[in-house]
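Student: Residue numbers (the UniProt record's numbering): 1 to 123. Ideal Cβ positions, reconstructed from N, Cα and C, are used throughout, including at glycine.
Right, here's the structure in full:
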């Protein structure tokens, strides 16, 4: 299954870097990862913060739930594909975000978009 390769010492969390993706033991690509993993939660938190900074809304975004998460290792960084349920004011919406984490532990929101209905309902 998933094996931890690196530790994020600064945050005290185990980084989600898949040994199987790096060693070539399995086909490269996206892997389902637990939504309760601390690194996934950090990536989702960064995504929400970045989305808020780009928004012109007077209402702040609030993370209600991480619906699904996938991870992929690409060269010197990890990519996280996260489906989140957010609340802004009285409106709830599902957003799909791709967040990158580099070797230094810094997160970058690569892109985000509203989740498609068929995608957000299939878990």
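Work out the CA separation of residue 113 and residue 144 for me, nearest whole Å.
Tutor: The chain is shown only over 1 to 123; residue 144 falls outside these bounds and no answer can be derived.
Student: Taking DSSP as the reference, what is the three-state secondary structure of residue 114?
Tutor: In this structure, residue 114 counts as strand in the three-state DSSP scheme.
Student: Take residue 108 and list the residues in its own chain whose beta-carbon comes closer than 6 Å to its own, dropping the five residues that flank it on each side.
Tutor: Hits under 6 Å: 100.
Student: Assuming residue 206 contacts residue 84 (C-beta within less than 8 Å), just tell me the rounded distance between them.
Tutor: One cannot answer for residue 206 here, as it falls past the ends of the chain, which runs 1 to 123.
Student: So for residue 106, helix, strand or coil by DSSP?
Tutor: If DSSP states are grouped into helix, strand and coil, residue 106 belongs with coil.
Student: Using 8 Å for Cβ pairs, my map puts residue 40 next to residue 66. What's the rounded Cβ distance?
Tutor: Confirmed, Cβ separation roughly 6 Å.
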